[in-house]
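One structure is given below, encoded as structure tokens.
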Amino acid sequence: MKKFITQFSLIVSLFVTAGYANKTIDTNETNKTVENIFQTSPVDTNATERNATSILDINVSAILKQPKVEVDEENRTAEKEKLVEILTSGEENATEEDLKMAKMIAEKAVSTPTTQRKPDQETLGTMIRAVKDINVKIELLKTTTDTNQTAEEIKSIEESKNQHLAKIPTAITSQILDEQALKNYLTTKQDLRETIAKNEKKKESFPYIEASIKFANLELTEKFYGSLLMLEDMFTKGSKEADVKKVIQDTILTVQIQDYSKLKESIDTFKGKEEDNATLKNLYADLNMNKKTYEEVLNFLGKNTNLLAGNALFTGLNLKAVIDYINDLSPFDQNAINLGKIIPITLIMILLFSVRRMLANIIFFSFTIFMKDKKKSLEIRTQVVDLIKKPIGILLIAYGVDICLSIFYYPNPVPIFFNDIFDVIFIVLYAWLVIELIDGFGIMLLSKIAKKSSRKEVLNLIVRILYIIVVVVAFLMILARLGVNVSAIVASLGIGGLAVALATKDMIANLFASIMVLLDNSFSQGDLVVVSGVEGTVVETGLRKTALRTADNSLVFIPNSKIIDNNIINWSRRKLGRQIKMILEVNYATPAVNLLAAVNGIKEMLQAHPGIANPSKQGGYQDMRLKYRQNMVSLDDLAGYKNSLYVAVESFGESSINILVYCYTKTVAFGEFLEVRQDVILKIMEVLEKTGVSFAYPSQSVYIENVPAGIKIIADSEDELGKVEIKKENEENRDKNS
Numbered sequence: 018m019k020k021f022i023t024q025f026s027l028i029v030s031l032f033v034t035a036g037y038a039n040k041t042i043d044t045n046e047t048n049k050t051v052e053n054i055f056q057t058s059p060v061d062t063n064a065t066e067r068n069a070t071s072i073l074d075i076n077v078s079a080i081l082k083q084p085k086v087e088v089d090e091e092n093r094t095a096e097k098e099k100l101v102e103i104l105t106s107g108e109e110n111a112t113e114e115d116l117k118m119a120k121m122i123a124e125k126a127v128s129t130p131t132t133q134r135k136p137d138q139e140t141l142g143t144m145i146r147a148v149k150d151i152n153v154k155i156e157l158l159k160t161t162t163d164t165n166q167t168a169e170e171i172k173s174i175e176e177s178k179n180q181h182l183a184k185i186p187t188a189i190t191s192q193i194l195d196e197q198a199l200k201n202y203l204t205t206k207q208d209l210r211e212t213i214a215k216n217e218k219k220k221e222s223f224p225y226i227e228a229s230i231k232f233a234n235l236e237l238t239e240k241f242y243g244s245l246l247m248l249e250d251m252f253t254k255g256s257k258e259a260d261v262k263k264v265i266q267d268t269i270l271t272v273q274i275q276d277y278s279k280l281k282e283s284i285d286t287f288k289g290k291e292e293d294n295a296t297l298k299n300l301y302a303d304l305n306m307n308k309k310t311y312e313e314v315l316n317f318l319g320k321n322t323n324l325l326a327g328n329a330l331f332t333g334l335n336l337k338a339v340i341d342y343i344n345d346l347s348p349f350d351q352n353a354i355n356l357g358k359i360i361p362i363t364l365i366m367i368l369l370f371s372v373r374r375m376l377a378n379i380i381f382f383s384f385t386i387f388m389k390d391k392k393k394s395l396e397i398r399t400q401v402v403d404l405i406k407k408p409i410g411i412l413l414i415a416y417g418v419d420i421c422l423s424i425f426y427y428p429n430p431v432p433i434f435f436n437d438i439f440d441v442i443f444i445v446l447y448a449w450l451v452i453e454l455i456d457g458f459g460i461m462l463l464s465k466i467a468k469k470s471s472r473k474e475v476l477n478l479i480v481r482i483l484y485i486i487v488v489v490v491a492f493l494m495i496l497a498r499l500g501v502n503v504s505a506i507v508a509s510l511g512i513g514g515l516a517v518a519l520a521t522k523d524m525i526a527n528l529f530a531s532i533m534v535l536l537d538n539s540f541s542q543g544d545l546v547v548v549s550g551v552e553g554t555v556v557e558t559g560l561r562k563t564a565l566r567t568a569d570n571s572l573v574f575i576p577n578s579k580i581i582d583n584n585i586i587n588w589s590r591r592k593l594g595r596q597i598k599m600i601l602e603v604n605y606a607t608p609a610v611n612l613l614a615a616v617n618g619i620k621e622m623l624q625a626h627p628g629i630a631n632p633s634k635q636g637g638y639q640d641m642r643l644k645y646r647q648n649m650v651s652l653d654d655l656a657g658y659k660n661s662l663y664v665a666v667e668s669f670g671e672s673s674i675n676i677l678v679y680c681y682t683k684t685v686a687f688g689e690f691l692e693v694r695q696d697v698i699l700k701i702m703e704v705l706e707k708t709g710v711s712f713a714y715p716s717q718s719v720y721i722e723n724v725p726a727g728i729k730i731i732a733d734s735e736d737e738l739g740k741v742e743i744k745k746e747n748e749e750n751r752d753k754n755s
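Residue numbering for the sequence shown follows the numbering used here, starting at 18 and increasing by one per position.
Next comes the structure, spelled out in structure tokens:
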């Protein structure tokens with residue numbers, strides 16, 4: 018079985034393997050043949066090392082680019098059976114699994130498209146070679162003395178390597194196997210076996226060690242490229258992501274456990290020519306570089322298994338057969354107008370967009386199925402469905418675009434760039450949907466608890482905490498998907514983070530204060546506020562300070578840490594109601610009947626006034642979410658609705674009877690408020706005039722108990738208190754006497 022797997026892996030290396038015209042192993046001739054395919058710059062830069070190559074790179078271009086002659090179905094079947102026989106030759110006890118693998122390889126060989134690749138089109142082999150070349154350059158740069166320059170150069174070529182890695186998934190799904198090159202390569206491998214067997218008793222000789230290293234390198238490459246062929250087959254069949262990941266992880270483990278210590282010992286103890294010794298070292302270095310490169314590629318594929326996994330809907334609806342069927346019937350050239358892709362894309366987008374409300378109803382039903390009060394659940398059904406319909410609709414559209422991209426790029430996988438974008442989009446949309454569900458349905462559940470509890474603010478805090486948890490989890494998932502090491506970020510918040518925090522205490526305090534200001538939503542840009550004794554309009558809130566524009570047109574900057582430590586008065590956070598409060602001072606001589614008529618007249622005038630807010634007697638809210646949420650928080654006070662109206666005799670003043678007028682205007686704009694208040698004052702005067710009530714003036718009453726002789730106090734009118742005339746008769750008497 019092990020022998021067959023080795024042979025299978027060899028054949029599976031399709032594009033990496035090559036046809037050897039000659040059965041003899043001429044190392045120099047092999048190097049010339051494959052130098053432009055997979056050969057990389059060796060770790061050592063001497064001439065011998067530059068000429069050294071690996072046997073695994075033989076004639077890859079012949080496998081990848083050689084055109085094939087068209088054969089009919091009968092010939093294809095015959096060729097496939099012949100290849101299966103070759104693949105299982107030498108295997109005494111071939112199992113059913115072995116035969117299945119051999120048939121898959123043979124089918125791939127005889128089914129390879131006859132069209133030739135474009136000269137400038139990259140193949141999977143050239144991409145792997147590019148990654149290997151970059152790894153060699155990085156090793157060379159690490160030996161330089163200029164650390165700063167080396168780090169910059171390594172960073173630059175790492176970006177280039179990532180670009181090559183991103184192309185590999187697409188190349189995996191479009192591998193080409195040349196049948197003849199495959200047969201020739203089998204012959205080459207057999208020659209290596211014969212060389213090793215021939216020199217079995219001369220294990221210290223150059224031919225034996227050289228053939229052993231090349232054969233080990235070949236086996237390593239077979240395992241690697243064999244897994245890639247298997248991944249291509251799984252992608253074509255629409256396998257699950259878990260199955261794809263298992264194949265990749267098994268291959269990574271297989272590559273990692275390869276032990277080449279005996280080969281290293283053979284090279285160290287070799288006593289041949291210096292040139293041969295250099296050649297062996299080069300071959301061994303190439304073996305280790307291949308191992309490192311293959312591990313890196315497999316790890317990259319392991320992080321992006323969803324690229325090679327079949328789309329569930331794409332596979333479930335058998336869209337592959339649909340696309341091929343439509344294209345067979347289409348009168349257009351597929352390269353110009355591909356109806357097989359255009360029609361399914363259009364139908365899928367229309368379907369997903371039209372079912373968004375139905376899906377919202379299904380989600381709502383799944384929640385309400387466990388509710389006892391079915392009547393109330395139906396009352397809020399429309400509003401909850403409308404609430405979650407929008408995120409569900411956008412989620413379905415995003416999912417539809419994702420499926421359409423799979424169709425558009427068929428038969429290749431979607432590029433990793435789109436894959437990363439859609440992963441982030443889906444995380445954001447699912448978080449939005451959960452928040453809307455909490456806002457729409459969770460609040461109603463909590464409100465039932467709130468009716469039994471006096472601590473409504475605690476329940477309101479629970480809702481806010483749920484919002485924060487959803488946002489934080491979504492944010493961490495996005496960071497993880499973008500490749501950020503979340504564990505490292507959390508670990509970095511240790512002693513080192515504490516030291517930095519102490520050194521930048523004020524800066525961090527203002528930074529977190531700005532976050533708290535934004536999260537608390539105490540004010541917004543353009544609001545009229547009073548902060549730290551400064552009244553002005555909010556211009557902007559920065560990371561360190563908040564800018565206010567005062568009434569005298571000066572610009573004041575307040576540190577955010579000061580804002581959260583002080584009271585904030587926000588004059589703009591009111592939807593309805595600007596206060597009018599007046600004390601009407603009327604004459605003490607006013608009869609009680611007139612006084613009561615004045616009070617009732619003023620109240621009726623205010624209730625009928627179009628600019629004055631009246632208390633609502635509806636006893637409910639149109640929005641069912643508000644209806645339930647009022648059990649947890651005072652919504653009128655939260656939103657800024659004031660509509661109280663009071664008119665009553667308040668007290669007896671020093672010189673008047675005081676009537677309290679307390680109400681709110683409907684407008685909150687300062688200019689409109691002044692106009693309404695002016696109109697109210699004028700109409701109050703009219704009411705008092707009609708009811709015969711006069712205003713009192715500030716006055717003092719002077720009581721004289723003993724009037725001196727000869728002084729007479731004369732009052733012009735009993736109603737005109739305070740207006741007196743005093744005649745000094747004693748002075749007149751003195752004038753007469755004189």
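Ideal placement from N, C-alpha and C gives every residue a C-beta, glycine not left out.
- Of the residues assessed, Q192 falls on the buried side of the cut-off, its CB having 16 or more other CB atoms within 10 angstroms.
- By the CB criterion at 9 Å, R498 and D569 fall outside the cutoff.
- S278: not part of any beta strand (DSSP E); member of the alpha helix (DSSP H) spanning 278-285, first to last residue.
- Excluding sequence positions up to five before and after A713, its CB lies within less than 6 Å of the CB of E602, V603, N604, S672, S673, all in the same chain and listed in chain order.
- Remark: fewer than three beta-carbon pairs, one from each stretch, lie closer than 8 Å, so the stretch 572-591 and the stretch 616-628 are not flagged as touching.
- The criterion of a C-beta distance shorter than 9 Å is satisfied by E221 and F287.
- Here R590 carries a coil assignment [DSSP, helix/strand/coil].
- The three-state secondary structure of V489, taken from DSSP, is helix.
- Within the DSSP secondary-structure output, V555 pairs in a beta bridge with L565.
- When K700, A686, F687, G688 are compared, the shortest CA-CA separation from V678 is found for K700.
- Y681 is classed as buried because its beta carbon has at least 16 other beta carbons within 10 Å across all chains shown.
- One alpha carbon belongs to K215, the other to L141, and they sit about 35 Å apart.
- Here the alpha carbons of Y416 and V153 stand approximately 41 Å from one another.
- DSSP places A665 in the uninterrupted beta strand (DSSP E) bounded by 663-669.
- T161 and N305 have their C-alpha atoms roughly 21 Å apart.
- By the neighbour-count criterion, in which a residue is buried when 16 or more other Cβ atoms sit within 10 angstroms of its Cβ, G500 is exposed.
- In the three-state reduction of the DSSP assignment, Y426 falls in the coil class, being assigned neither a helical nor a strand state.
- Per the Cβ contact rule, the stretch 357-368 is not in contact with the stretch 222-231 (fewer than 3 Cβ pairs under 8 Å).
- For the pair E258 and N323, the CB atoms are nearer than the 9 Å cut-off.
- In the DSSP annotation of this structure, the continuous segment of the alpha helix (DSSP H) that includes Y301 starts and ends at 291-320.
- Considering only I414, N436, L346, E312, the residue with the shortest C-alpha distance to L368 is I414.
- The stretch 202-214 makes no contact with the stretch 444-455: fewer than 3 CB pairs, one atom from each, lie closer than 8 Å.
- Two segments are said to touch when three or more pairs of C-beta atoms, one from each, lie closer than 8 Å; by this definition the stretch 180-191 touches the stretch 417-432.
- A straight line joining the alpha-carbon of V555 with that of L565 spans about 5 Å.
- Distance from the CA atom of G319 to the CA atom of Q266, rounded to whole angstroms, is 7 Å.
- In its chain, beyond the 5 residues on either side, H181, K184, I185, A188 have a beta carbon closer than 6 Å to the beta carbon of M144.
- Under the Cβ criterion (8 Å, minimum of three pairs), the stretch 268-277 counts as touching the stretch 299-317.
- In this structure I405 is in contact with L454, their Cβ atoms being roughly 6 Å apart against a cut-off of 8 Å.
- Counting other Cβ atoms within 10 Å of its Cβ, K172 stays below 16 and is therefore classed as exposed.
- The DSSP-derived three-state label of Q266 is helix.
- Sequence-distant Cβ neighbours of C421 in its own chain, meaning closer than 7 Å and more than five residues away, are I362, I365, M366.
- When rounded, the separation of the alpha-carbon atoms in D150 and E313 is 13 Å.
- Under DSSP, the beta-bridge partners assigned to F574 are A564.
- Burial state of S504 is exposed, judged by a 10 Å Cβ sphere holding fewer than 16 other Cβ atoms.
- In the DSSP secondary-structure assignment, M599 is bridged to V678.
- Ranking A665, R93, G657 by CA distance to the CA of K683 puts G657 first.
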